[in-house]
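Taken in sequence, the protein lines are chains A and B. Under UniProt numbering, the letters of the first sequence match residues 1 to 236, in that order. Under UniProt numbering, the letters of the second sequence match residues 1 to 617, in that order.
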Amino acid sequence: MANIRTKFKRGDEVKFISHLDLMKVFERAIRRARLPIAYSQGFNPHPNMVFGLPLSVGVTSEAEYGDFEITDEQMSVNEFLTRLNSQLPKGLEIIAAKARKSKDNIMALIAASRYSVVVGINSPCTEKDIKTSLNKYLAQNEIIVKKRTKSGIKDTNIRDMIFDLNFEYKPCGTFSIVKFSMLVSAGSKANLKPELLIDSIFDFMKLDYEIERIHREKLFIMAQNQLLDPMDGLVL
Amino acid sequence: MSIRLSDGLLKSVEKPSRYTGNEWNSVIKDPKTVDIRFAFCFPDTYEIGMSHLGMKILYHLLNERQDCYCERVFAPWTDMEAKMRENNIPLYALETKDEIKNFDFIGFTLQYEMSFTNIVNMLDLAGVPLTTADRKDNDPFVCAGGPCAYNPEPLADIIDFFMLGEGEEIINEVMDEYVKWKGTGKSRIAFLEEIAKLEGIYVPSFYEFDYNEDGTIKSFTPIKPQYPVKIKKRIIKDMDKVYYPEKMIVPYTDIVHDRIMLEVFRGCIRGCRFCQAGFIYRPVREKSHERLMELAKKLEESTGYEEISLTSLSTSDYSQLEEFTTELLDEMKERKVGLSLPSLRLDSFSLDLMEKAQKVRKSGLTFAPEAGTQRLRDVINKGITEEDLLNAVSLAFNGGWHGVKLYFMLGLPTETNEDVEGIADLAHKVVHAYKRVPMEKKGKGLNVTVSTATFVPKAFTPFQWEAQDSIENVSQKQMLLKERIRSKQITYNYHENKLSFLEAVFARGDRRICKALIKAWELGCKFDGWGEYFKYDIWMKAFEECGVDPYFYATRKREYDEILPWDHIDIGVSKKFLINESKKAYEEKITPNCRVNCGGCGAAVFESGICGGNGIG
Chain A
1 MANIRTKFKR GDEVKFISHL DLMKVFERAI RRARLPIAYS QGFNPHPNMV FGLPLSVGVT
61 SEAEYGDFEI TDEQMSVNEF LTRLNSQLPK GLEIIAAKAR KSKDNIMALI AASRYSVVVG
121 INSPCTEKDI KTSLNKYLAQ NEIIVKKRTK SGIKDTNIRD MIFDLNFEYK PCGTFSIVKF
181 SMLVSAGSKA NLKPELLIDS IFDFMKLDYE IERIHREKLF IMAQNQLLDP MDGLVL
Chain B
1 MSIRLSDGLL KSVEKPSRYT GNEWNSVIKD PKTVDIRFAF CFPDTYEIGM SHLGMKILYH
61 LLNERQDCYC ERVFAPWTDM EAKMRENNIP LYALETKDEI KNFDFIGFTL QYEMSFTNIV
121 NMLDLAGVPL TTADRKDNDP FVCAGGPCAY NPEPLADIID FFMLGEGEEI INEVMDEYVK
181 WKGTGKSRIA FLEEIAKLEG IYVPSFYEFD YNEDGTIKSF TPIKPQYPVK IKKRIIKDMD
241 KVYYPEKMIV PYTDIVHDRI MLEVFRGCIR GCRFCQAGFI YRPVREKSHE RLMELAKKLE
301 ESTGYEEISL TSLSTSDYSQ LEEFTTELLD EMKERKVGLS LPSLRLDSFS LDLMEKAQKV
361 RKSGLTFAPE AGTQRLRDVI NKGITEEDLL NAVSLAFNGG WHGVKLYFML GLPTETNEDV
421 EGIADLAHKV VHAYKRVPME KKGKGLNVTV STATFVPKAF TPFQWEAQDS IENVSQKQML
481 LKERIRSKQI TYNYHENKLS FLEAVFARGD RRICKALIKA WELGCKFDGW GEYFKYDIWM
541 KAFEECGVDP YFYATRKREY DEILPWDHID IGVSKKFLIN ESKKAYEEKI TPNCRVNCGG
601 CGAAVFESGI CGGNGIG
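Right, dumping it as structure tokens:
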């Protein structure tokens with residue numbers, strides 16, 4: 001058995017596919033590519049593959065990860081990548097593949113994610129306005145938001161989940177466009193969805209806004225007490 | 001022109017991937033390189049439409065032509081429709097996102113009467129005039145085909161032309177004529193006159209109906225003498241040579257039948273007297289098992305699907321079923337492809353086959369005895385006995401199955417309370433059969449589900465002259481049955497009678513009801529087949545406002561010599577045969593299936609399939 005970690009892009013063409021449906025897309029692409037994927041035992045065999053943090057519907061990404069177990073030890077990661085790419089629909093593309101030795105589950109290790117979020121602001125404001133209120137926003141000890149959990153809606157403090165928050169400002173006629181770059185908690189322990197953070201910021205600033213697009217730029221895993229790229233040799 | 005769909009809009013609706021396209025095996029072409037743009041419209045949701053085999057076939061068939069780009073269009077769900085109307089987004093095709101108003105053809109497939117309001121709604125959303133009379137030279141041609149096209153009259157004002165019968169050949173002939181016509185500057189009518197010469201094309205606006213004082217039809221007349229008086233359905237003679245796609249679109253989101261569909265044959269040897277499909281698709285024509293193997297392999301490779309379903313009206317009747325399934329299972333074992341087997345008659349072979357096919361859930365099996373007593377099953381020519389059923393369920397129970405669904409109809413011709421009670425008796429006998437199975441072989445907990453639907457008389461069946469049972473009568477029968485079912489292991493479900501009533505109106509309607517259809521849509525009807533959207537009272541209001549009596553169509557018994565709204569359509573099966581079958585029903589006499597004995601229905605004119613001609617039946 002060999003283990004391959006892949007990094008892939010998810011473009012506009014496929015950004016509305018749910019996480020569960022995306023797994024089906026990969027499963028069928030693997031079958032078409034005739035890749036020697038290992039299957040789970042049991043009545044309803046499933047291909048052995050694990051994906052990183054599920055992305056919300058409508059979000060694009062250049063940093064998605066999938067781990068695949070194949071039965072052919074001799075197959076090169078390059079061949080795996082090429083064959084899989086030839087069968088993936090437009091908008092999905094494997095950009096890197098590496099062999100790995102570790103059996104750690106990628107899903108369990110994910111710790112942070114960087115997103116860029118483009119927001120249109122419909123009410124008048126300047127770059128300085130935003131900068132001032134953002135500083136005030138971040139200076140709070142506690143930022144409470146209503147978070148949807150399995151057991152209902154719960155008040156959650158998200159202040160410690162925001163590691164880094166920057167923005168670029170562009171005036172655009174009567175309204176303005178702001179591009180946020182945010183590094184936030186991600187994964188099963190603490191997860192901050194970019195939409196939720198944006199909602200909280202604009203709630204605080206009391207501005208009328210609309211999220212234009214969200215894009216995942218990077219995903220990090222926590223290993224050996226540091227944030228690492230999932231393709232980093234240290235974690236493979 | 002390509003429309004723009006914002007992220008915000010798509011994020012705000014349920015299942016946005018219904019509206020975005022780009023699926024694997026969908027066809028990408030440059031629209032500038034083609035002469036014909038065809039919008040293949042399915043008047044229901046993406047999930048239903050994408051599960052439909054006819055669309056898969058015709059989509060790829062049209063796209064094989066270099067001069068044609070066929071794209072898919074589905075009815076947007078109500079949330080999406082609201083957003084589209086709010087943002088002035090017209091109905092668009094999935095592949096290019098171009099608005100379909102500028103296409104050459106808008107083609108609807110008619111699978112179910114209760115999707116007719118969606119057709120009107122889709123035309124309106126597209127910005128295309130709703131009626132033939134209002135369409136101008138630069139509007140698309142609106143056409144339709146499919147089983148409901150066999151009685152085309154309820155849509156006569158809306159559809160420019162119908163294609164009757166199997167579409168694989170005729171659609172290409174129509175496209176050829178279109179290419180010849182396009183750019184000549186000749187009128188729309190000139191094109192329609194040209195294609196009206198093709199066998200299987202019906203242009204409703206070329207004909208007139210006259211009516212008697214009692215509302216029945218007096219005459220049907222072509223406006224010009226050269227228009228054909230009878231329109232003969234098209235069939236494909238050789239199923240091995242007919243086009244079948246070697247790839248199929250693999251959707252992103254769950255659809256109803258998310259698997260490879262392999263069509264094993266067309267038609268049905270059984271002549272159940274209520275079943276329209278059993279008559280309109282005659283004669284039975286099979287694919288050879290070699291051809292099926294070839295297609296199965298190609299489709300598995302091109303789709304990556306993990307399941308194949310064999311489709312036909314009654315898969316057990318495929319003459320090479322055993323050889324074929326054995327070979328198929330063997331071939332697909334390594335690829336871990338499962339086989340799904342709908343509509344099997346249960347005997348020891350099929351049970352064994354189901355065991356071997358991968359995706360079997362031991363809980364549920366479905367049987368359709370249709371009627372509760374042998375007398376009534378003989379009336380409808382169902383061709384199964386109580387013994388058959390009890391043997392089959394016993395076999396299944398011994399094999400570990402513990403769930404059985406039983407389908408019946410209420411309101412069948414000649415039905416009495418005794419027949420209704422017979423349904424309960426039969427269900428109790430099934431429970432009893434389970435009790436006799438040795439403990440160690442039993443699955444846990446028996447669950448028998450009895451479902452009843454209301455009988456809808458359909459055109460081109462021996463019951464086409466019958467009155468539909470009234471809503472009140474059927475409700476009483478439902479209550480009676482409910483009372484009679486005494487076992488806790490039996491669950492009883494029944495259908496909405498009011499919907500069946502409406503279905504009956506459209507199944508045998510003439511062109512006078514078209515205005516009521518448009519009126520009902522104006523008053524807010526759409527997605528009528530979806531319980532939550534069905535508005536019976538609004539429909540009644542629409543009929544009243546248009547002066548249409550729905551009971552005239554649904555609950556009136558016709559005489560054999562009455563001119564029926566679909567009499568100008570020729571399906572091969574003769575009216576004489578249908579009358580004879582209707583009489584035999586009252587005599588409680590059965591007609592054997594086509595393999596046992598030819599009943600002389602008339603389909604032999606096609607010189608194909610089981611009726612002779614090429615290939616086995």
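Don't be surprised by glycine CBs; every beta carbon is placed ideally from N, CA and C.
| Item | Value |
| --- | --- |
| Within 8 angstroms, strictly: CB atoms of Trp-465/B and Tyr-560/B | yes |
| Nonlocal neighbours in the same chain, by C-beta distance under 8 angstroms from Val-430/B, ignoring five residues either side | Leu-389, Leu-390, Val-393, Val-404, Leu-406 and Val-448 |
| Continuous beta strand (DSSP E) stretch holding Lys-7/A: start and end | 2-10 |
| Within chain A, the residues that Val-250/B reaches when beta carbons sit closer than 7 angstroms | Arg-28 |
| Residues that Lys-90/A contacts on chain B, provided the C-beta gap is smaller than 8 angstroms | Asn-22 |
| Outcome for Gly-547/B when other beta-carbon atoms lying within 10 angstroms are tallied against a minimum of 16 | exposed |
| Cβ neighbour criterion (16 or more within 10 Å) applied to Leu-130/B | buried |
| Beta-bridge partners of Arg-52/B, as assigned by DSSP | Looking at the sequence shown, residue 52/B is not Arg but His. The partner list for His-52/B (beta bridge, DSSP) is empty, contrary to what the question assumes. |
| Beta-carbon contacts of Arg-266/B that lie in its chain and below 6 angstroms, excluding the five residues immediately before and after | Tyr-281 and Arg-285 |
| Simplified DSSP state of His-428/B, which is helix, strand or coil | helix |
| Per DSSP, cross-strand counterpart(s) of Ala-39/B | Glu-71/B and Ile-106/B |
| Residues bridged to His-215/A [DSSP beta-bridge criterion] | Thr-60/A and Ser-116/A |
| CB contact check: Leu-412/B to chain A, cutoff 8 angstroms | no |
| CB of Glu-588/B within 8 angstroms of CB of Asp-378/B, strictly | yes |
| Collapsed DSSP secondary structure at Cys-172/A in the structure displayed | strand |
| Those runs of the alpha helix (DSSP H) which lie wholly inside the stretch 386-431 of chain B and span at least 4 residues | 386-398 |
| CB contact check: Gly-617/B to chain A, cutoff 8 angstroms | Bear in mind that the predicted position of Gly-617/B carries a pLDDT of just 42, short of 50, making it too unreliable to give a figure here. |
| Distance CB(Lys-11/B)-CB(Val-57/A) smaller than 8 angstroms | yes |
| Sub-8 angstroms separation of Glu-99/B and Tyr-92/B beta-carbons | yes |
| Alpha-carbon spacing of Ala-368/B relative to Ile-490/B, whole angstroms | 16 angstroms |
| Short CB-CB distance (under 8 angstroms) between Val-119/A and chain B | no |
| Partners in chain B for Val-14/A, counting only beta-carbon separations shorter than 8 angstroms | Asn-22 and Tyr-252 |
| Neighbourhood of Met-222/A by C-beta distance below 7 angstroms, restricted to the same chain and skipping five residues each side | Leu-109 and Ala-111 |
| Terminal residues of the beta strand (DSSP E) in which Phe-161/B lies | 161-163 |
| C-beta contact flag for Arg-32/A and Gly-304/B at 8 angstroms | yes |
| Neighbourhood of Thr-373/B by C-beta distance below 6 angstroms, restricted to the same chain and skipping five residues each side | Asp-419 and Gly-422 |
| Same chain, Cβ closer than 6 angstroms to Leu-123/B, five either side skipped, listed in chain order | Leu-130 |
| Chain B within 8 angstroms of Gly-52/A, Cβ atoms only | no |
| Candidates Arg-28/A, Gly-52/A, Ser-61/A and Ile-162/A, of which the one nearest Gly-11/A by Cα | Ser-61/A |
| Whole-angstrom C-beta distance between Ala-296/B and Leu-328/B, which should lie under 8 angstroms | 6 angstroms |
| At least three beta-carbon pairs within less than 8 angstroms, the stretch 230-244 of chain B to the stretch 162-171 of chain B | yes |
| Where the beta strand (DSSP E) containing Tyr-92/B begins and where it ends | It is not in any beta strand (DSSP E) - Tyr-92/B carries neither H nor E in the DSSP assignment. |
| 8 angstroms Cβ cutoff met for Gly-187/A and Leu-53/A | yes |
| Contact check, Arg-188/B vs Asp-134/B, beta carbons under 8 angstroms | no |
| CB contact check: Ile-17/A to chain B, cutoff 8 angstroms | yes |
| Start and end residues, beta strand (DSSP E) containing residue 618/B | Here chain B has residues from 1 to 617 only, and residue 618/B is not among them. |
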